[in-house]
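Participant: The structure that follows is given in the form of structure tokens.
Residue numbers (my numbering): 2 to 180.
Structure follows, in structure tokens:
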């Protein structure tokens, strides 16, 4: 009886050690969201209304695997909503109206490969802040604790901006004015 208990405790300890060693080489996830069973309502996008062109000869040839004319294009829709030209989205061409903005933003130089550098640094940060053993075993969300030190305090920043004389019309009024 006693040997069976020791054997069971040994098996349990071995299982905990093996579970703690898992996922070391993969991409560490700090935001542990569990998938629910059933359909994902956010994966279903409504299509645009079907448009019949005046001349059916202008329709492109059907291409297997290509997008449909009525499919949503979230990136292009966002660019258009912000006043940009969606046709220039992936061309790399900077419109003349935005050239002054690009010049001002890059006045101190542009680091080549900044996206790859930031991705590598973030991966290293997430590996170093994966959470404790039991947090990983039970899929506890460690995102907010890991990034808490670099999170902007929105209320302190709002007060700093107001003290500097910056108008903040979209923010709630100060408490003394709201009374």
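Glycine included, every Cβ here is placed at the ideal spot set by N, Cα and C.
(1) Give me, in chain order, the residues of the same chain whose beta-carbon lies closer than 7 Å to that of residue 147; leave out the 5 immediate sequence neighbours on both sides.
(2) Taking just the CA atoms, how far does residue 119 sit from residue 81?
(3) Is it the case that the Cβ atoms of residue 159 and residue 150 are separated by a distance below 8 Å?
(4) Quick check: the Cα distance between residue 116 and residue 57, rounded to an integer number of angstroms?
(5) What is the C-beta distance between residue 48 and residue 71, in whole angstroms, given that I count them as a contact (C-beta under 8 Å)?
(6) Output the distance between the C-alpha atoms of residue 180 and residue 137, rounded to the nearest integer angstrom.
(7) CB residue 73 to CB residue 90, shorter than 8 Å?
(8) From residue 55 to residue 64, what does the alpha carbon distance come to, in whole angstroms?
(9) Pick from 125, 99 and 92: whose alpha carbon is nearest that of residue 83?
(10) Taking the alpha-carbon positions, what's the residue 128 to residue 144 distance?
(11) Let's test the definition: count the other Cβ atoms within 10 Å of the Cβ of residue 132 and tell me whether it reaches 16, buried, or not, exposed.
Facilitator: On the basis of the data shown:
(1) Residue 147 sits at position 146 when you count from the first residue of the chain shown. Here the set comprises 31 and 130.
(2) Against the chain shown, residue 81 aligns to sequence position 80. Against the chain shown, residue 119 aligns to sequence position 118. Roughly 28 Å between the two C-alpha positions.
(3) What you label residue 159 is simply residue 158 of the chain shown in a count that begins at 1. What you label residue 150 is simply residue 149 of the chain shown in a count that begins at 1. Their beta carbons are not under 8 Å apart, which means residue 159 does not touch residue 150 by this criterion.
(4) Counted from its first residue, the chain shown places residue 116 at position 115. Counted from its first residue, the chain shown places residue 57 at position 56. When rounded, the distance between both Cα atoms is 43 Å.
(5) Stepping through the chain shown from its first residue, residue 48 is reached at position 47. Stepping through the chain shown from its first residue, residue 71 is reached at position 70. In this structure residue 48 is in contact with residue 71, their Cβ atoms being roughly 4 Å apart against a cut-off of 8 Å.
(6) Locating residue 180 in the chain shown gives position 179, counting from the first residue. Locating residue 137 in the chain shown gives position 136, counting from the first residue. Here the model assigns residue 180 a pLDDT of 45, short of 50, so the residue's position is not dependable, and the following value carries that caveat. Annotation: residue 180 to residue 137 spans about 47 Å, alpha carbon to alpha carbon.
(7) Indexing the chain shown from 1 puts residue 73 at position 72. Indexing the chain shown from 1 puts residue 90 at position 89. One thing to note: residue 73 has its Cβ no nearer than 8 Å to the Cβ of residue 90.
(8) Translated into the one-based positions of the chain shown, residue 55 becomes position 54. Translated into the one-based positions of the chain shown, residue 64 becomes position 63. Rounded to the nearest angstrom, the gap between the Cα atoms of residue 55 and residue 64 is 21 Å.
(9) Against the chain shown, residue 83 aligns to sequence position 82. Out of 125, 99 and 92, 99 has the C-alpha closest to the C-alpha of residue 83.
(10) For the purposes of this step, residue 128 is taken as the residue at position 127 of the chain shown. For the purposes of this step, residue 144 is taken as the residue at position 143 of the chain shown. In a straight line, the C-alpha of residue 128 is about 12 Å away from that of residue 144.
(11) Against the chain shown, residue 132 aligns to sequence position 131. Residue environment: residue 132 is assigned as buried (16 or more neighbouring CB atoms within 10 Å of its CB, all protein chains considered).
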